[in-house]
Amino acid sequence: MSDAFVIRGGTIVNPDSQFVADVLVSNGVVADIGAGLTADIVLEADGLFVSSGFVDLHTHLREPGKEEAETIESGSRAAALGGYTAVVAMPNTDPAQDNIDTVRFVRSQGERAGLCDVRPSGCITVGRAGDSLVDFAALASEGVVVFTDDGNGVQNGELMREALARAAALGVTMAQHCEVSSLTTGAVMHDGECCSHLGVPGWPSAAEIEMVRRDIELARHTGGRLHLLHLSTAESVALVRAAKKDGLAITAEATPHHLSLDDTMLKSFDPVFKVNPPLRTQSDIEALREGLRDGTIDAVATDHAPHAGHTKEMALDAAPPGMLGLETALAVVNTAVQLDARRLVEVMSWNPARIAGLDAVHGRPLATGEPANIAVWDLTSVWTVSRENSASRSRNTPYHGMTVRGRVHHTINKGDIVVRDGKAMK
Amino acid sequence: MKHVLDTHDLSVDDIKKILETADHMAEVNRRQVPKVPALKGKTVATLFFEDSTRTRLSFELAARRLSADVVTFLASSSSVNKGESLRDTVETLSAMGVDAFIVRHKSSGAPVQISRWTGASVINAGDGWHQHPTQALLDAYTITREFATPDSLTGRTVAVVGDIKHSRVARSNIDVLTRLGARVVLVAPPALLPNFVGTWPVEIRSSIDDVIDNVDVVYLLRMQTERMESAAIPGLNDYTRRFALTPERARSLQPHALLMHPGPMNRGVEITVDPADVPGSRILQQVANGVSVRMAVLFSLLGGDTLVASGNGADA
Numbered sequence: 004m005s006d007a008f009v010i011r012g013g014t015i016v017n018p019d020s021q022f023v024a025d026v027l028v029s030n031g032v033v034a035d036i037g038a039g040l041t042a043d044i045v046l047e048a049d050g051l052f053v054s055s056g057f058v059d060l061h062t063h064l065r066e067p068g069k070e071e072a073e074t075i076e077s078g079s080r081a082a083a084l085g086g087y088t089a090v091v092a093m094p095n096t097d098p099a100q101d102n103i104d105t106v107r108f109v110r111s112q113g114e115r116a117g118l119c120d121v122r123p124s125g126c127i128t129v130g131r132a133g134d135s136l137v138d139f140a141a142l143a144s145e146g147v148v149v150f151t152d153d154g155n156g157v158q159n160g161e162l163m164r165e166a167l168a169r170a171a172a173l174g175v176t177m178a179q180h181c182e183v184s185s186l187t188t189g190a191v192m193h194d195g196e197c198c199s200h201l202g203v204p205g206w207p208s209a210a211e212i213e214m215v216r217r218d219i220e221l222a223r224h225t226g227g228r229l230h231l232l233h234l235s236t237a238e239s240v241a242l243v244r245a246a247k248k249d250g251l252a253i254t255a256e257a258t259p260h261h262l263s264l265d266d267t268m269l270k271s272f273d274p275v276f277k278v279n280p281p282l283r284t285q286s287d288i289e290a291l292r293e294g295l296r297d298g299t300i301d302a303v304a305t306d307h308a309p310h311a312g313h314t315k316e317m318a319l320d321a322a323p324p325g326m327l328g329l330e331t332a333l334a335v336v337n338t339a340v341q342l343d344a345r346r347l348v349e350v351m352s353w354n355p356a357r358i359a360g361l362d363a364v365h366g367r368p369l370a371t372g373e374p375a376n377i378a379v380w381d382l383t384s385v386w387t388v389s390r391e392n393s394a395s396r397s398r399n400t401p402y403h404g405m406t407v408r409g410r411v412h413h414t415i416n417k418g419d420i421v422v423r424d425g426k427a428m429k
Numbered sequence: 095m096k097h098v099l100d101t102h103d104l105s106v107d108d109i110k111k112i113l114e115t116a117d118h119m120a121e122v123n124r125r126q127v128p129k130v131p132a133l134k135g136k137t138v139a140t141l142f143f144e145d146s147t148r149t150r151l152s153f154e155l156a157a158r159r160l161s162a163d164v165v166t167f168l169a170s171s172s173s174v175n176k177g178e179s180l181r182d183t184v185e186t187l188s189a190m191g192v193d194a195f196i197v198r199h200k201s202s203g204a205p206v207q208i209s210r211w212t213g214a215s216v217i218n219a220g221d222g223w224h225q226h227p228t229q230a231l232l233d234a235y236t237i238t239r240e241f242a243t244p245d246s247l248t249g250r251t252v253a254v255v256g257d258i259k260h261s262r263v264a265r266s267n268i269d270v271l272t273r274l275g276a277r278v279v280l281v282a283p284p285a286l287l288p289n290f291v292g293t294w295p296v297e298i299r300s301s302i303d304d305v306i307d308n309v310d311v312v313y314l315l316r317m318q319t320e321r322m323e324s325a326a327i328p329g330l331n332d333y334t335r336r337f338a339l340t341p342e343r344a345r346s347l348q349p350h351a352l353l354m355h356p357g358p359m360n361r362g363v364e365i366t367v368d369p370a371d372v373p374g375s376r377i378l379q380q381v382a383n384g385v386s387v388r389m390a391v392l393f394s395l396l397g398g399d400t401l402v403a404s405g406n407g408a409d410a
């Protein structure tokens, strides 16, 4: 077990209180909280916030299958640098995470890297092909809590209804990528004014809204827990708000990029701004921000999607969708949406930990005896994003050259200092 | 001016200056030896990821008449089909020492991307549904010169008929013609109008009969027959009945009205009259003007300050 250390002088952000204190970490747990604590190793946190580590519900680590874009180790390092102590690994690997062997492999690669807690999601359908359901119970017995075909929406309504019914019985969550694919064939960017002038095939908001609407009704009908991935439209937010008023067991996430960038970024035709769902309009952004403030949106999730450089150097319509997100999430969200520290930790850590079923070890209040999964950060440091500095194997950050506010200083994973002063320790 | 990628990047003054230069080039083209040394020593590469023999020949002829060296890259006979990234292709050719790339690509925005990966000038020779700037310039040249109003199209109405949604020609022309003062009327079935067309500086009509006898220019777009396979678009016969230029409709054109088409024509689809029988047809004049205007664009990007200084007296 690692040496004891003290996080000195930070403001601790807990659900029901904020206070300045030292945190003593020893043997993987918070050993003490108070004033004047000492240890041989000291992490300065004067003027910084100290909270439970962030939890990302939506991370593409690309291993197995696309290791030239990312590995579980490189992605875990990017996560740790972003203050994350747990990530839910998306299942669109090759082979897909629809079987016990692949799920075990992903998890053990995460443990080997030792930078953050890597929790594989499982597919909803075999091979994410949308034809037949995977054995949820078998994967659940391996600790899988979140099931998704992310990248593909489950088109077949009857299949999704059955998946949610089984989710209700097993106590797991179905996370839907909301996209009616018949409306998005060949689509490149948000179907709006900008798209009309640029002459590229449009991606209508209706493609998302229709599946959000359908799945809310299926969740109502089955009682299954439904999580809606990366919402991008104002109408989706309104539908979720109404469903929550009805008391349905629905949760929703928004990405840092859908909270900060609009479709006019595509005027550059730079595929780094191509993402699924696409960047929408300012009014969609405003609706997502409002949803994040009022609790309609439960969590910020990165949809960190590394792509090897050459694949983003194709024509816009040929390039794959997706952008990096782990290392910039805190700063981008803080820059785009004015949230107080408590709400920020709620959407970055406590809520996603609960949605991912990780709330026994992540998203915990900082208190004596709790597991030491901790992030230390501020909301005031101003810095300029550079793709060259990314720990990811890929360089497809849409924020290159942009100035953002807020920074992660230290990250503690299971009592290990994995990031110190903004630098990865391994 | 470094590139010509999108008509929106050109100011009205830029446009007028290019058209004025094209007048000089047209004079060169009327000479016994239609060639000047203006771009001697410059290398122009046509980079065609999508076949378009006419546009490519027009550009190559334009470059040769200015004495540039011309190389041709056709995607069909290259490593592009082996999965080489767009960037690798451009950087490789760039390394051979090219002053200007003339790019045609089936994907909107490809020339814009390419301009970020090379120090050479890039001319967009048509990208996806996005832009075809030299087509718009040669059309503006044709119309302004026919009406002998080189600086303005104020008071003129141009009807653009056909598949607007998927047309780079329409997007470029609407921008250039409206900024020169013309009123542009789009005539198309709803399925062939772009979404959010309400944000465009145009009027919309749903039948060619609404415009045929009251416009100064009828501009027919090529109807891509493969688009008709989409269930959302009316059948070919229906299209021809409502939107084609028939002999009867051609007879109701105003005497001074021009008939234009970017080519190649789909006879029997968007046009059932023989253009040779339409006195106002300027379809071949467009092709001839295309060479002059492309010379003007090449010279504007690669030449010196004036044609006189770098040429041999093309100062007519």
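Which chain is which? The protein sequence lines are C and F, in order.
If you count the first sequence from 1, you need to add 3 to reach our numbering.
If you count the second sequence from 1, you need to add 94 to reach our numbering.
Cβ coordinates follow ideal geometry from the N, Cα and C atoms, glycine included.
Computed from a predicted structure; not experimentally measured.
Between the CA atoms of residue j and residue i - distance to the nearest angstrom
i: C/H61; j: C/Q285; result: 23 Å
i: C/G156; j: C/H180; result: 5 Å
i: F/G405; j: F/R210; result: Residue placement at F/G405 is poorly supported in this model, since its pLDDT is 43, which falls under 50; the coordinates still yield a value, given next. Looking at the two C-alpha atoms, the distance is approximately 30 Å.
i: F/F247; j: F/D233; result: Strictly speaking, residue 247 of chain F in this sequence is Leu, with Phe absent from that position. C-alpha separation (whole angstroms): 12 Å.
i: C/I253; j: C/R122; result: 21 Å
i: F/M354; j: C/V90; result: 60 Å
i: C/K315; j: C/T299; result: 34 Å
i: F/M389; j: F/L231; result: 12 Å
i: C/G78; j: C/T88; result: 12 Å
i: C/N102; j: C/D306; result: 22 Å
i: C/A308; j: C/E213; result: 25 Å
i: C/L291; j: C/M326; result: 19 Å
i: C/L347; j: C/T258; result: 13 Å
i: F/V402; j: F/T115; result: Reliability fails at F/V402, whose pLDDT of 45 lies under 50, so the model's placement of it is uncertain and the value that follows must be treated cautiously. When rounded, the distance between both Cα atoms is 11 Å.
i: C/A222; j: C/T188; result: 27 Å
Enclosing alpha helix (DSSP H) for residue i [first to last residue]
i: C/M177; result: Unbroken run through C/M177 is the beta strand (DSSP E), T176 to Q179; no alpha helix (DSSP H).
i: C/N159; result: Careful: C/N159 lies outside any alpha helix (DSSP H) and carries neither H nor E.
i: C/S111; result: I103 to A116
i: C/I219; result: A209 to T225
i: C/H200; result: E196 to L201
i: C/I75; result: I75 to L84
i: F/V263; result: R262 to R273
i: C/N416; result: Looking at the DSSP string, C/N416 is not in any alpha helix (DSSP H); the run it does join, the beta strand (DSSP E), is T406 to N416.
First and last residue of the uninterrupted beta strand (DSSP E) at residue i
i: F/V216; result: S215 to D221
i: C/S384; result: I377 to T387
i: C/F276; result: Neither: C/F276 is in no beta strand (DSSP E) and is coded neither H nor E.
i: C/S29; result: S20 to S29
i: F/I298; result: E297 to R299
Residue of the options minimising C-alpha distance to residue i
i: F/A214; options: F/S202, F/A230 and F/G191; result: F/G191
i: F/G357; options: F/R316, F/S266 and F/L287; result: F/R316
i: C/A359; options: C/A237, C/A143 and C/L291; result: C/A143
i: C/G195; options: C/A304, C/A209 and C/T188; result: C/A209
i: C/G226; options: C/Q21, C/A172 and C/I377; result: C/A172
i: C/L201; options: F/M95, F/H102 and F/H97; result: F/H102
i: F/T366; options: F/S152, F/R345 and F/T251; result: F/R345
i: C/N159; options: C/T128, C/T176, C/G146 and C/V175; result: C/T128
i: C/A339; options: C/L51, C/E293 and C/F139; result: C/E293
i: C/D19; options: C/R367, C/D381, C/R216 and C/A378; result: C/R367
i: C/S389; options: C/L382, C/Y402, C/A378 and C/I377; result: C/Y402
Residue i - DSSP class collapsed to helix/strand/coil
i: C/G312; result: helix
i: F/K110; result: helix
i: F/Y235; result: helix
i: F/G384; result: helix
i: C/I358; result: helix
i: C/D120; result: strand
i: F/G397; result: coil
i: F/K289; result: Checking the sequence, you will find Asn at residue 289 of chain F rather than Lys. Coil at F/N289, not helix or strand.
i: C/E373; result: coil
i: C/E182; result: coil
Interface flag, residue i vs chain A, CB-CB below 9 Å
i: F/L353; result: This model lacks chain A altogether, as its protein chains are C and F.
Which runs of the beta strand (DSSP E) spanning at least 3 residues fall entirely within the region 327 to 364 of chain F, listed in chain order? 352 to 354
Which runs of the beta strand (DSSP E), 3 residues or longer, sit entirely within the region 107 to 172 of chain F? 137 to 142 and 163 to 168
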